[in-house]
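Colleague: Numbering follows our numbering, in which position 52 of the sequence shown is assigned residue number 210; successive positions increment by one, without gaps.
Beta carbons are placed, not taken as given, at the ideal position from N, Cα and C, and that holds for glycine.
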Amino acid sequence: MKSWPIPSVPSVPGTAASLKLYDSADEKTKPVHVEGDTATMYVCGITPYDSTHLGHAATYVTFDVIYRMLLDQGHKVHYVQNITDVDDPLFERAERDGVDWRELGDSQVDLFRSDMEQLAVLPPQDYIGAIESVDEVIGLTQKLLDNGAAYVVEDPDFPDVYASVGATAQFGYESNYDRETMKKFFAERGGDPDRAGKKDPLDALLWRAAREGEPSWESPFGAGRPGWHVECSAIATNRLGSSFLIQG
């Protein structure tokens, strides 16, 4: 998917400022050290069901400042961003407004691009939609199933695939939230802690088995669609590797 035009980046005289960011895993602000000559950064993109707002602007301008500081320090930057153009809020809004969900998504992505251009935000080198990355999601889900980090719920009608939090010994280390806080936010932000058949309420949906009226793609584990923002994991690891410098 195309992003938006690259704005001019002026050369600033003087000594480049050091970049320090708050690391939620360590709960402290610390210097950002770039290994090699390229800084890697992944920032979650929008779910295109409505107009972008000041919260979006604050997010992407913040990471634009980080991007520019890294450039000013002489680093190359590999920046990747997704678009969650297959998700429940998009389907719900399209149904409410009586429009095709793809048409709604395309229109809101176009609006987002124009907003970022007006804000002179530097575009990511890789700007990838969930629709574009379905094959990558299927590959990642299959890999997790094969190594026991994912499972299929016992539901003859909707055999959804979930990631198991038990597969990560230090699950939650990035946020440092306790379990009750994670459950609260998980429920508020698109998770399904009460889904019957899950091994743990915090297990996240990787592949949603086909439902009537929803788009679906064929996979080795049945027809369906990407689950809860799993494309972020697939897109990031396939372009930046299993470890990257900045995640936002």
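Along the beta strand (DSSP E) that carries Q328, what are the first and last residues, could you check?
Modeller: Residue 328 sits at position 170 when you count from the first residue of the sequence shown. Segment: none, Q328 is in no beta strand (DSSP E) and carries neither H nor E.
Colleague: With 16 as the cutoff for other CB atoms within 10 Å, does G263 come out buried or exposed?
Modeller: As a first step, residue 263 is located in the sequence shown; it is residue number 105 there, counting from the start. With 16 or more other Cβ atoms within 10 Å, it is buried.
Colleague: Are the beta-carbon atoms belonging to P384 and V295 less than 7 Å from one another?
Modeller: Within the sequence shown, residue 384 is the residue found at index 226, counting from 1. Within the sequence shown, residue 295 is the residue found at index 137, counting from 1. Closer than 7 Å, so yes.
Colleague: Report the option in Y207, L302, H236 and D208 whose CA atom is closest to the CA atom of F221.
Modeller: On the sequence shown, residue 221 is found 63 positions in, with the first residue counted as 1. Answer by Cα proximity: H236.
Colleague: Please classify H191: is it buried, with 16 or more other beta-carbons within 10 angstroms of its beta-carbon, or exposed?
Modeller: Locating residue 191 in the sequence shown gives position 33, where the first residue counts as 1. So H191 ends up on the exposed side.
Colleague: Compare the C-alpha of V244 against each of P378, F379, D230 and A368 and name the closest.
Modeller: In the sequence shown, residue 244 corresponds to position 86, counting from 1. It is A368 whose Cα lies nearest to the Cα of V244.
Colleague: Less than 7 Å between C-beta atoms, sequence neighbours within five positions excluded: which residues of the same chain meet that for A308?
Modeller: Here residue 308 is taken as the residue at index 150 of the sequence shown, counted from 1. Once the five neighbours on either side are set aside, the close Cβ partners of A308 are T299, L302, V319, Y320, A321, S322 and L364.
Colleague: CB G406 to CB V201, shorter than 7 Å?
Modeller: The sequence position of residue 406 within the sequence shown is 248, counting from 1. The sequence position of residue 201 within the sequence shown is 43, counting from 1. In this structure, V201 lies closer than 7 Å to G406 by Cβ.
Colleague: To test your reading of the DSSP string, which unbroken alpha helix (DSSP H) runs of 4 or more residues are found completely within the region 255 to 315?
Modeller: Counting whole runs of 4 or more residues, the region 255 to 315 contains the alpha helix (DSSP H) stretches 259 to 276 and 292 to 304.
Colleague: Examine the Cβ distances between the region 167 to 185 and the region 224 to 232 and report whether three or more of them are shorter than 8 Å.
Modeller: Yes: the two stretches touch, three or more of their Cβ pairs being nearer than 8 Å.
Colleague: Across which residues does DSSP place Y180 in a beta bridge pair?
Modeller: Position 22 of the sequence shown holds residue 180. DSSP lists T187 as partners of Y180.
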